[in-house]
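This report concerns only the one structure given below.
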Amino acid sequence: MTKRNVILYGLGMAVSAAVLLAVFQRLVQPKYMTPPSLDGNLIGDYYNSGYDHDVLFIGDCECYENFSPVTLWQDYGIPCYIRGSAQQLIWQSYYLLEDALRYEKPKVAVFNVLSMKYGEPQKEEYNRMSIEGMRWSMSKVNNIKASMTEEESFLSYVFPVLRYHSGWSSISAEDFRYFFGVKPNFFAGYYLRADVKPAANVPKGTPLTDYTFSETCWDYLNRMRTLCEENDIRLVLIKAPSLYPYWYPEWNDQITDYAAAYDLPYINFLDEEVLAETGIDYNTDTYDAGLHLNVYGAEKLSHWFGGYLRDNYALPDRSNEPLLANEYANIAARYMSEIEWQKNNLTEYGNVFGLTAQETQ
Amino acid sequence: MNKKFTSVLAAAMLLTALTACGTAEDDSVAEPAEPAAAATTTTTAASTEAAALETTTAAEAESAGAAINYDYVLNGVTIVPGAESEAVLASLGTPDSTFEAPSCAFTGTSYYYTYGGVQVVTYPDEHDQSLNRFYEVDLMDATVSTPEGIKVGDTYDALVAKYGTPTQETPAFAMYKTEGKAVQFFLEGNNITQIVYVVQFN
Amino acid sequence: MNETLEKVIEILTELHEDVDFRTRERLWDDHILDSFDVVTLTSELNNEFDIVITADRLTPENFNSAQALAAMVEELEDI
Amino acid sequence: MLFTDSAFIIGLVLLCIVYFVIPKRFRWMLLLAASLAFYAYTGIGNLLYIGTTALSTYIITLLSDGFARERTQVLSLHKKDWSRDEKKAYKARMNKRRFRLLVLCLVLNFGILAVIKYGAFTVRNVNSLIGLFGGSGMKVPEFLLPMGISFYIFQTMGYAIDVYREKYPAEKNFARLLLFVSFFPQLVQGPISRYDDLSKGLFAGNGFQPRRVLFGTQRILWGYAKKMVLADRILPAVKLLISDPEQYQGVFVFLGILYYTLELYADFTGGIDITIGIGQVLGIPITENFNRPFFSKNISEYWRRWHITLGTWFKEYLFYPVSVCKPLLDLSKWSREKFGKNVGKYVPVFVSSIIVWFVTGLWHGAAWNFIVWGLMNAVIILISEILAPQYAKFHKRFAWSNTHAYDGFQALRTTLLMGFLRMFDCYRDVPLTFRMFGTMFTKWNLHVLWDGSLMQLSLSRADYVILIVGALTLFYASLRGRKGSVRKQVLEISPVLSCAMTVALLMIIVVFGAYGLGYDASQFIYNQF
Numbered sequence: 009m010t011k012r013n014v015i016l017y018g019l020g021m022a023v024s025a026a027v028l029l030a031v032f033q034r035l036v037q038p039k040y041m042t043p044p045s046l047d048g049n050l051i052g053d054y055y056n057s058g059y060d061h062d063v064l065f066i067g068d069c070e071c072y073e074n075f076s077p078v079t080l081w082q083d084y085g086i087p088c089y090i091r092g093s094a095q096q097l098i099w100q101s102y103y104l105l106e107d108a109l110r111y112e113k114p115k116v117a118v119f120n121v122l123s124m125k126y127g128e129p130q131k132e133e134y135n136r137m138s139i140e141g142m143r144w145s146m147s148k149v150n151n152i153k154a155s156m157t158e159e160e161s162f163l164s165y166v167f168p169v170l171r172y173h174s175g176w177s178s179i180s181a182e183d184f185r186y187f188f189g190v191k192p193n194f195f196a197g198y199y200l201r202a203d204v205k206p207a208a209n210v211p212k213g214t215p216l217t218d219y220t221f222s223e224t225c226w227d228y229l230n231r232m233r234t235l236c237e238e239n240d241i242r243l244v245l246i247k248a249p250s251l252y253p254y255w256y257p258e259w260n261d262q263i264t265d266y267a268a269a270y271d272l273p274y275i276n277f278l279d280e281e282v283l284a285e286t287g288i289d290y291n292t293d294t295y296d297a298g299l300h301l302n303v304y305g306a307e308k309l310s311h312w313f314g315g316y317l318r319d320n321y322a323l324p325d326r327s328n329e330p331l332l333a334n335e336y337a338n339i340a341a342r343y344m345s346e347i348e349w350q351k352n353n354l355t356e357y358g359n360v361f362g363l364t365a366q367e368t369q
Numbered sequence: 140m141n142k143k144f145t146s147v148l149a150a151a152m153l154l155t156a157l158t159a160c161g162t163a164e165d166d167s168v169a170e171p172a173e174p175a176a177a178a179t180t181t182t183t184a185a186s187t188e189a190a191a192l193e194t195t196t197a198a199e200a201e202s203a204g205a206a207i208n209y210d211y212v213l214n215g216v217t218i219v220p221g222a223e224s225e226a227v228l229a230s231l232g233t234p235d236s237t238f239e240a241p242s243c244a245f246t247g248t249s250y251y252y253t254y255g256g257v258q259v260v261t262y263p264d265e266h267d268q269s270l271n272r273f274y275e276v277d278l279m280d281a282t283v284s285t286p287e288g289i290k291v292g293d294t295y296d297a298l299v300a301k302y303g304t305p306t307q308e309t310p311a312f313a314m315y316k317t318e319g320k321a322v323q324f325f326l327e328g329n330n331i332t333q334i335v336y337v338v339q340f341n
Numbered sequence: 000m001n002e003t004l005e006k007v008i009e010i011l012t013e014l015h016e017d018v019d020f021r022t023r024e025r026l027w028d029d030h031i032l033d034s035f036d037v038v039t040l041t042s043e044l045n046n047e048f049d050i051v052i053t054a055d056r057l058t059p060e061n062f063n064s065a066q067a068l069a070a071m072v073e074e075l076e077d078i
Numbered sequence: 004m005l006f007t008d009s010a011f012i013i014g015l016v017l018l019c020i021v022y023f024v025i026p027k028r029f030r031w032m033l034l035l036a037a038s039l040a041f042y043a044y045t046g047i048g049n050l051l052y053i054g055t056t057a058l059s060t061y062i063i064t065l066l067s068d069g070f071a072r073e074r075t076q077v078l079s080l081h082k083k084d085w086s087r088d089e090k091k092a093y094k095a096r097m098n099k100r101r102f103r104l105l106v107l108c109l110v111l112n113f114g115i116l117a118v119i120k121y122g123a124f125t126v127r128n129v130n131s132l133i134g135l136f137g138g139s140g141m142k143v144p145e146f147l148l149p150m151g152i153s154f155y156i157f158q159t160m161g162y163a164i165d166v167y168r169e170k171y172p173a174e175k176n177f178a179r180l181l182l183f184v185s186f187f188p189q190l191v192q193g194p195i196s197r198y199d200d201l202s203k204g205l206f207a208g209n210g211f212q213p214r215r216v217l218f219g220t221q222r223i224l225w226g227y228a229k230k231m232v233l234a235d236r237i238l239p240a241v242k243l244l245i246s247d248p249e250q251y252q253g254v255f256v257f258l259g260i261l262y263y264t265l266e267l268y269a270d271f272t273g274g275i276d277i278t279i280g281i282g283q284v285l286g287i288p289i290t291e292n293f294n295r296p297f298f299s300k301n302i303s304e305y306w307r308r309w310h311i312t313l314g315t316w317f318k319e320y321l322f323y324p325v326s327v328c329k330p331l332l333d334l335s336k337w338s339r340e341k342f343g344k345n346v347g348k349y350v351p352v353f354v355s356s357i358i359v360w361f362v363t364g365l366w367h368g369a370a371w372n373f374i375v376w377g378l379m380n381a382v383i384i385l386i387s388e389i390l391a392p393q394y395a396k397f398h399k400r401f402a403w404s405n406t407h408a409y410d411g412f413q414a415l416r417t418t419l420l421m422g423f424l425r426m427f428d429c430y431r432d433v434p435l436t437f438r439m440f441g442t443m444f445t446k447w448n449l450h451v452l453w454d455g456s457l458m459q460l461s462l463s464r465a466d467y468v469i470l471i472v473g474a475l476t477l478f479y480a481s482l483r484g485r486k487g488s489v490r491k492q493v494l495e496i497s498p499v500l501s502c503a504m505t506v507a508l509l510m511i512i513v514v515f516g517a518y519g520l521g522y523d524a525s526q527f528i529y530n531q532f
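Protein chains in written order, with our numbering: chain A, 9 to 369; chain B, 140 to 341; chain C, 0 to 78; chain D, 4 to 532.
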């Protein structure tokens with residue numbers, strides 16, 4: 009066994025092991041391509057964008073299901089992107105913003121304050137969906153450390169195979185079809201739904217014994233504010249017009265006081281006057297009885313909000329810039345066909361994804 | 140030459156044996172412990188499994204002397220916060236209204252049912268999403284009252300007279316707590332505005 | 000030397016009459032002498048030759064044949 | 004700290020790389036640093052215990068060696084002018100002093116072990132004894148048991164006794180002795196090595212030999228595969244089967260025994276494979292602790308093939324010394340006179356066996372079920388030894404009893420017997436164990452095997468397939484292993500095949516291993532050792 013052979017065999021083993029592990033890892037990693045849970049690919053999608061946005065939204069499903077960047081672009085020529093993910097916690101929003109700043113510098117950052125109610129890590133699945141799509145950077149490392157529940161390990165984020173390996177017995181055709189990459193399901197971060205389910209008897213929140221937000225949340229809100237100041241980005245706090253989970257007045261007051269204290273704009277879309285101005289009607293503009301807006305509601309909300317942003321932050325109409333125009337034209341095209349596709353499915357199958365009866369079980 | 144050595148050792152061992160009597164005093168904890176491997180540092184006393192969250196149905200004698208009922212009886216059906224909801228909901232008949240709140244992207248939905256002035260809320264079991272448990276029961280108006288006869292609108296003094304000193308209280312609410320659940324009376328000034336039976340996760 | 004050997008063989012024969020200890024080898028390895036015999040043998044040898052056979056002496060080399068046993072006894076006698 | 008902790012695995016890989024990079028003479032120091040870091044990771048306080056054991060043994064063995072040298076010098080000095088009796092008296096005096104040193108060392112270290120590991124157990128028993136007479140018991144002390152204390156104390160005491168017996172000179176360099184005591188792979192599951200065997204490889208600082216490192220790596224992977232693919236997968240089922248004695252009776256008890264036998268074999272031999280594999284990679288030969296135990300045809304043979312180093316330790320340092328100590332020899336003489344030659348010869352060995360197995364049981368854990376487990380082993384062994392002549396006659400008379408089939412039957416019988424004995428570990432309660440053993444014959448629920456309840460034991464169909472295939476592979480590997488190391492045979496076929504096998508093992512661990520979320524590494528199986 010000459011020295012050369014030893015190195016040869018050693019390298020051979022190392023390389024083949026690495027390749028096999030990488031392939032297996034890609035196979036067992038969830039692809040999030042079967043509706044209704046498509047939200048897993050939201051974060052990764054951002055890296056396909058042109059990194060030239062004037063407005064960046066960060067927050068949970070109240071962001072990525074209630075605002076439509078296509079409307080903001082078509083009506084006002086404002087390029088924006090929604091870096092949203094399922095139950096995105098406040099520190100995850102902070103690190104996603106920090107991560108985005110490595111690629112671009114938006115003029116305005118919009119943060120939905122609902123996640124202030126979660127003081128500590130909630131669920132492993134949501135952490136995975138909010139973090140795994142990120143490219144590796146210190147932001148991702150800090151995001152993992154801040155989000156991990158006790159049973160999770162940092163190593164299983166570096167090597168997802170350590171987490172998903174037991175899925176070997178449920179590898180399906182989808183894992184092979186999307187092995188090299190997933191099909192874009194979102195429109196600059198917007199999750200489109202074209203169906204309608206009027207809001208009815210949405211419960212009023214029962215009183216709580218403790219309305220205070222946790223220290224961690226205040227700390228990250230301050231860090232988000234200072235990050236925006238340092239990069240001279242205007243931070244806008246909003247509460248999206250989702251009727252559930254209930255947005256307690258006591259919470260709202262704390263955010264209003266905070267905004268006033270730091271001279272930040274805070275728009276509570278649940279407020280009657282603002283809601284009236286947006287023209288949102290919960291009988292036609294929501295697809296799940298008031299939890300999230302459908303595409304019609306999102307367009308109304310985005311139209312109003314676009315006007316607000318243009319007037320308050322003098323955001324120019326950049327619809328003539330060729331690169332941006334092309335990028336958003338593609339998105340708009342997909343956007344239109346998606347609406348058509350969902351409408352047809354609605355008439356044919358009674359659900360937007362065209363799932364047959366037994367698939368919906 | 141090594142005459143005393145083994146007898147000293149053997150005697151020491153036998154001594155420990157003589158002091159013992161037959162009863163196996165170790166609480167039988169189902170941890171197989173053959174010479175499989177060395178452990179990390181665990182206490183020598185056999186480590187018992189943490190007692191699972193048991194919902195005690197019998198009302199315990201709380202600080203209030205008279206037994207407080209932490210489960211609400213609606214149309215003759217007892218609702219125990221934290222317990223499985225399927226069977227109980229069936230026996231309650233059709234609710235006046237229902238509201239479903241699916242979590243962002245996954246299965247597991249919270250359900251809100253109203254029966255007259257009472258609202259019943261369920262939550263998905265942590266491990267088995269298809270299984271639902273009672274989260275809380277809210278008495279929203281004066282048409283309904285607690286088994287002890289307190290209802291929305293009554294005064295704080297009437298409450299304390301019936302329930303005794305609360306386990307925890309602030310100007311905004313008075314709470315009576317027991318293992319795994321609690322009854323909360325929300326106050327405005329001296330009157331009760333809402334009553335909530337809610338599960339307490341430790 | 001042979002006087003000790005004779006005595007050793009006599010004691011061994013007491014344990015197992017049917018074995019010719021003069022020629023028989025591998026007493027330990029072939030389990031001719033089981034653990035009971037080893038203890039009895041040690042007790043007898045200690046008393047007979049006023050020696051003390053310590054635990055580390057209980058090895059196949061010392062117990063595989065009468066000759067080996069005799070050699071061990073001789074060695075222990077002049078310690 | 005478990006073998007399956009990621010910190011251990013990463014640390015191990017780094018250690019192996021650095022080990023072969025630094026100059027040879029620093030390598031044993033690296034091992035010492037790694038061992039102390041490993042031990043500190045399990046709790047800084049533990050370093051105190053292991054340090055005391057190492058230091059006390061170091062000082063006492065040096066003193067003892069000193070007296071031995073002095074004795075030989077004085078004796079050679081006075082070779083001529085002292086009479087035989089004077090020499091004998093002087094030698095006796097010196098050895099008495101050395102013996103007292105040894106006893107001091109043993110009492111100190113076994114004392115530590117007794118207090119920490121058995122303190123609570125003893126006090127509880129004393130309390131229950133006092134309780135019999137109406138007194139109120141003392142407070143039961145609570146100790147955090149340092150990891151592997153039973154292993155390293157037994158290993159070090161073996162060293163102390165060997166030095167007393169002047170098998171080899173005492174180690175002069177304290178750091179080297181500390182490494183022998185705290186060599187990290189052995190702290191998890193043993194084996195209990197002898198100083199002269201281990202020290203050669205430990206301090207040699209061996210070169211990077213590709214073949215040896217390849218075999219070592221393969222053995223480590225083989226150990227991890229057994230542990231993570233088989234043992235950790237079946238463990239939840241074992242725990243379930245014994246967690247509710249009321250629900251799981253009859254056939255379930257038998258299933259519990261089978262599952263636990265596979266689990267324990269895979270886990271324990273897996274751990275030892277990892278330990279010996281690490282040694283092999285670093286060029287440090289470590290004694291084997293298993294030799295195809297389930298091929299043994301009777302209990303005493305089983306204990307020469309399972310946890311070999313513990314068995315040899317007890318034989319050399321407890322069974323023989325007790326058997327030939329004065330009281331036992333007098334007992335032997337008295338009993339032979341009283342009951343005649345044939346019966347009398349059994350008595351002393353009976354007593355020493357009971358003592359040794361009592362201590363073996365106690366070593367496994369501070370609970371009555373272990374002690375009863377040990378004593379039952381003793382009873383079975385003694386019976387089979389007493390009936391040995393009858394067995395011999397039986398084998399002579401019936402030719403078929405010497406066939407392979409009969410050997411197979413005996414092996415199966417021994418495996419099942421040991422499985423039944425291990426029930427004491429599972430139920431950890433003596434009366435309950437006997438009751439559950441009884442239910443196997445009273446409660447007939449064979450339907451359980453095909454009515455799908457096997458699927459309710461937290462094992463899916465896929466799990467069962469893996470477990471069965473795994474068990475068959477283990478069996479096949481054992482068979483092939485009889486003709487020498489399987490890894491050598493594969494390498495002889497072709498180096499590419501050997502490399503492919505290595506990568507395959509790694510993939511099997513990563514893909515089929517029972518680890519990570521949903522499978523918390525079998526933390527609860529490890530007892531306090």
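From the three backbone atoms N, C-alpha and C, an ideal C-beta is built for every residue, glycine too.
- Inter-segment contact for the segment 60-74 of chain D and the segment 114-125 of chain D is absent: fewer than three beta-carbon pairs are separated by less than 8 Å.
- One Cα belongs to W403 of chain D, the other to D410 of chain D, and the distance between them is close to 10 Å.
- For R101 of chain D, the uninterrupted alpha helix (DSSP H) segment begins and ends at 87-135.
- Under a criterion of Cβ atoms nearer than 9 Å, no residue of chain C is adjacent to L105 of chain D; the nearest Cβ is some 13 Å distant.
- Setting aside the 5 residues that flank it on each side, N150 of chain A is surrounded in the same chain by Y103, each with a C-beta closer than 7 Å to its C-beta; the list follows chain order.
- Bounds of any beta strand (DSSP E) do not take in I207 of chain B, whose DSSP letter is neither H nor E.
- Straight across, the Cα-Cα distance linking A226 of chain B with G288 of chain B is about 27 Å.
- Pairing L35 of chain D with K125 of chain A, the inter-Cα distance amounts to about 50 Å.
- As the crow flies, the alpha-carbon of D267 of chain B is around 12 Å from that of E223 of chain B.
- It is roughly 14 Å from the alpha-carbon of L107 of chain D to the alpha-carbon of N98 of chain D.
- Contact between the segment 328-348 of chain D and the segment 41-52 of chain C is present: three or more C-beta pairs spanning the two stretches fall below 8 Å.
- Between the beta-carbon of L332 of chain A and that of G58 of chain A there is about 7 Å, and that keeps the pair under the 8 Å contact cut.
- Relative to T261 of chain B, the option among B:T233, B:T253, B:R272 whose CA is nearest is B:R272.
- Scanning D:R197, D:G253, D:D165, D:P172 for the CA closest to the CA of N448 of chain D turns up D:G253.
- Between the alpha carbons of E89 of chain D and H81 of chain D lies a distance of about 10 Å.
- The Cβ of L5 of chain D sits no closer than 8 Å to any Cβ of chain C.
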